[in-house]
Amino acid sequence: MSCLGFAETTENDVCDFDDSLAVLLTRSVQSHTSHSEVLDYILQNSLSVNHVECKDEYKVQAISAKVKGLFNTSKTAKNVKVDDIVYTKYEHFSGKEEDGKTLSDEDNAAFNIVLDCIIAKYDKHFANVKRNMLTVALSRKNSVYGFDSKLDALLDELQISRISMIEGISKSALRWQCERSWARLWIQDDVPSLKKYNENNYEWLQTTSRNFIKQYPESPYTPVLQALINDSLMQSLVNNEEKLDIQLYEEDNRHLAFGLGFLIGKPLLGAGLEAEKTTFSAGIAQGRLQIMRFVAQVQCDMYFNSKASAVGLNGLFGYNLEFGDYGLDLLTGIGIQQFLEDKDSTVYKAYSFGLQGYKRIFFTGLGAITPQIQWTLKTFKYKSPETSRRRRVYINQFYIGAILDFVIPFSEIH
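Taking my numbering as reference, the numbering of the sequence shown is continuous, increasing by one, and the terminal residue is 419.
So, in structure tokens, the structure goes:
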């Protein structure tokens with residue numbers, strides 16, 4: 006293991022073993038490479054360690070922080086809106102070649118079980134939520150989480166999209182491959198007793214390990230999994246497991262969203278603008294950026310009668326409220342308003358206030374078509390072409406339209 010920068014474990018130091026394993030797994034899931042290094046490490050070192058709970062509180066905190074990077078808690082369009090949810094950053098590498106060796110379904114399954122093992126050992130809440138998700142999937146009560154299939158309890162839409170792009174295959178083909186290779190060990194129908202499966206937060210991990218040993222009885226990983234997921238350790242974890250029911254909490258809105266769109270509508274010109282004739286208006290270009298609750302938007306408005314009669318450019322910013330896939334923006338901003346006269350044009354500084362509602366309709370894990378409805382009130386000091394006097398005027402704008410939106414949860418931004 007000197008090539009990895011880790012000294013081989015010669016003492017029964019489970020804390021150091023687990024820390025090194027967490028580092029290797031983090032490197033692998035971030036780069037989507039080095040799977041064989043992880044597998045070599047557990048084959049060479051796991052049997053020399055007494056796998057118990059680490060008692061060094063400082064090291065436990067350090068390892069716990071590392072394993073939080075090995076799973077996601079983000080929600081996508083198909084995911085539950087209010088229940089806790091966790092997705093291990095499973096790797097799909099069956100058939101790939103590393104270090105002159107073609108990796109198999111067996112290698113892939115062992116890697117992902119070890120990945121779950123180290124997370125569950127150091128994150129009690131993960132183990133609890135994972136138990137609940139898999140129990141729901143196996144009991145076929147998929148509507149609780151909005152799952153379309155049992156595989157949705159293991160891989161979310163973001164993972165499916167990412168892996169399918171890396172593999173260069175369709176998402177449906179990837180699902181078919183996973184369900185018939187490593188993933189089947191988690192979601193087999195022949196769980197002896199669903200009640201037993203749900204009786205503690207670690208039975209799902211033990212069941213998956215037993216399924217592996219049954220599937221690959223002569224595997225070199227069999228003694229490794231028996232050591233890592235031994236009965237004594239599991240009982241110790243069960244004795245200290247999270248006892249609370251899975252908590253409900255507001256949907257995680259920590260994401261980055263950006264999009265471009267088009268709006269069309271009707272302006273209602275206030276008193277003092279009788280000289281300006283318009284029949285309809287268009288937000289010919291709208292750019293929207295959302296960072297958590299903050300929204301910034303640039304919008305170009307055009308007003309038409311028989312030809313373009315006015316144009317406005319507005320910079321808006323404000324606060325966002327989201328309720329599942331629905332959202333509301335509270336906006337204010339400043340811009341310019343230009344009226345196109347027969348021989349001349351006049352530019353005014355305008356202030357805007359508005360509301361904007363929308364619904365995201367996801368077509369991938371990240372992309373959405375987002376219909377919008379918008380109302381803005383624009384005000385500026387207008388110079389009448391008839392009297393040359395200035396007075397404050399108002400324009401009410403009502404728009405409908407859509408933007409092409411891309412939403413990236415912060416947990417996916419490395």
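Backbone N, C-alpha and C define an ideal beta-carbon position, used for all residues, glycine too.
Check	Outcome
Any 3 or more C-beta pairs closer than 8 Å across the segment 399-414 and the segment 374-382	yes
DSSP-derived helix/strand/coil call for histidine 260	strand
Tryptophan 380 - containing beta strand (DSSP E), residue span	372-388
Three-state secondary structure (DSSP) of proline 414	strand
Closest residue to serine 177 among Ile165, Thr31, Thr375 (Cα-Cα distance)	Ile165
Assigned exposure category for methionine 170 - 16 Cβ within 10 Å defines buried	exposed
Short Cβ contact (8 Å threshold) for leucine 268 with leucine 120	no
Three or more C-beta pairs below 8 Å linking the segment 99-109 and the segment 58-66	no
Beta-carbon separation (whole angstroms), alanine 142 vs leucine 210, contact threshold 8 Å	Alanine 142 to leucine 210, Cβ: 15 Å. No contact.
Alpha-carbon spacing of glycine 362 relative to tyrosine 356, whole angstroms	20 Å
CB-CB length for alanine 115 against asparagine 206, believed under 8 Å	That belief does not hold up - the Cβ atoms of alanine 115 and asparagine 206 are roughly 22 Å apart, past 8 Å.
Valine 352 versus threonine 369 - alpha carbon distance	42 Å
Own chain partners of phenylalanine 322 with C-beta closer than 8 Å, once the 5 adjacent residues on each side are dropped	Phe299, Val300, Ala301, Gln302, Leu336, Thr337, Gly338
Residues near isoleucine 123 in its chain [Cβ-Cβ closer than 7 Å; skip 5 each side]	Asp23, Leu26, Ala27, Leu30, Val72
Distance, asparagine 319 Cα to arginine 397 Cα	18 Å
Proximity below 8 Å, CB of phenylalanine 328 to CB of lysine 354	no
First through last residue of the beta strand (DSSP E) which encompasses methionine 174	The sequence as given places isoleucine at residue 174; methionine does not occur at that position. That residue, isoleucine 174, is in no beta strand (DSSP E); it is neither H nor E in DSSP.
Leucine 336 - containing beta strand (DSSP E), residue span	331-345
Threonine 213 classed as buried or exposed, judged by whether at least 16 other C-beta atoms fall within 10 angstroms	buried
Integer Cβ distance of isoleucine 408 from glutamine 291, believed to fall under 8 Å	6 Å
Backbone CA spacing between glycine 74 and methionine 297 [nearest angstrom]	20 Å
Endpoints, beta strand (DSSP E) assigned at serine 237	Here serine 237 belongs to no beta strand (DSSP E); instead the alpha helix (DSSP H) covers 236-244.
Bridge partner(s) assigned by DSSP for asparagine 113	For asparagine 113, which the question treats as bridged, DSSP gives no partner whatsoever.
First and last residue of the uninterrupted beta strand (DSSP E) at cysteine 59	Cysteine 59 -> no beta strand (DSSP E), and no H or E assigned at all.
Per DSSP, cross-strand counterpart(s) of valine 352	Gln343
In DSSP terms, what serine 357 is bridged to	Gly338, Lys383
Proximity below 8 Å, CB of asparagine 77 to CB of lysine 94	yes
Alanine 27, enclosing alpha helix (DSSP H) - first and last residue	19-36
Beta-carbon gap between phenylalanine 411 and leucine 360 smaller than 8 Å	no
Phenylalanine 415 burial status per 10 Å Cβ neighbour count (16 or more: buried)	exposed
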